[in-house]
Amino acid sequence: MAAPSRLSQRIDSLAAGLTRLGSLLSMVTLAALLALVAVSVATRLVFDLSGGSLNLMVRGNIESSSYLLLVLVLAALPVSLGSGFVRVDILVEHLPAPVQSVLDRLWSVLLALFAVLVARLFVSEAITAYERSYVSQDLRLPLAAIYGLGAAQLALFAFVATIRVVVPVPHREDA
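Heads up: the sequence shown begins at 158 in the working numbering, then just goes up one per residue.
Next comes the structure, spelled out in structure tokens:
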């Protein structure tokens, strides 16, 4: 097998960097989500134990959780390309390496197309939300920004998936 070209190494390095960025965003978002849930549970417990007389609950916890979960899932998508989506290994591992490579590339193409389509929907919703000045119900966050962030994350995922068509992630042999 020929050594990877300098261009493919740079492309792979770009995809790896973007994937690390998604991983970092996922970890930060997960930590924020866990902290939010812990605070919600603790304040609810205080509320219940005080018979409702001490209300420390923060408004918008459920809404915040929903948006954090959206950011978490979308940020983790590029990471999942490297570590692998669910595969039926009992079938795939017995296929010849060239067939596995073709299937991986086909999967990356399909994921990139899907991400572009969903990003387009997010952009459309962001434009509508911006034009109508839509805000979230509890926290009054501008929905255009939330939809725009989702569109950007999906575009990033589509970009990384497209890179993985050209420079696939090598298969790891699980020990």
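Backbone N, C-alpha and C define an ideal beta-carbon position, used for all residues, glycine too.
- By the Cβ-count criterion, Gly-179 is buried, with 16 or more other Cβ atoms from all chains shown falling within 10 Å of its own Cβ.
- Per DSSP, the beta-bridge partners of Pro-299 are Val-292.
- Note that the stretch 206-226 touches the stretch 186-194; at least 3 beta-carbon pairs, one per stretch, sit closer than 8 Å.
- Rounded to the nearest angstrom, the Cβ distance from Phe-204 to Leu-193 is 16 Å, too far for a contact under 8 Å.
- According to the DSSP assignment, Leu-213 belongs to no alpha helix (DSSP H), since it is labelled neither H nor E.
- Taking all protein chains in view, the Cβ of Val-324 is crowded by 16 or more other Cβ atoms within 10 Å, so the residue is classified as buried.
- Residue burial is scored here from C-beta neighbours: Ala-276 has at least 16 other C-beta atoms within 10 angstroms and is therefore classed as buried.
- Leaving aside the five residues that flank Ala-283 on each side, the residues in its chain whose CB is nearer than 7 Å to its CB run, in chain order, Ala-301, Tyr-304, Gly-305, Ala-308.
- Leu-274 and Ala-312 have their C-alpha atoms spaced approximately 10 Å apart.
- Val-249 has its alpha-carbon roughly 11 Å from the corresponding atom of Pro-255.
- In the same chain as Ala-318, and ignoring 5 residues on each side of it, the C-beta atoms closer than 7 Å to its own belong to Leu-238, Ser-265, Leu-268, Ala-269, Ala-272, in chain order.
- Setting aside the 5 residues that flank it on each side, Ser-197 is surrounded in the same chain by Asn-218, each with a C-beta closer than 6 Å to its C-beta; the list follows chain order.
- When DSSP states are grouped into helix, strand and coil, Leu-252 belongs to the coil group.
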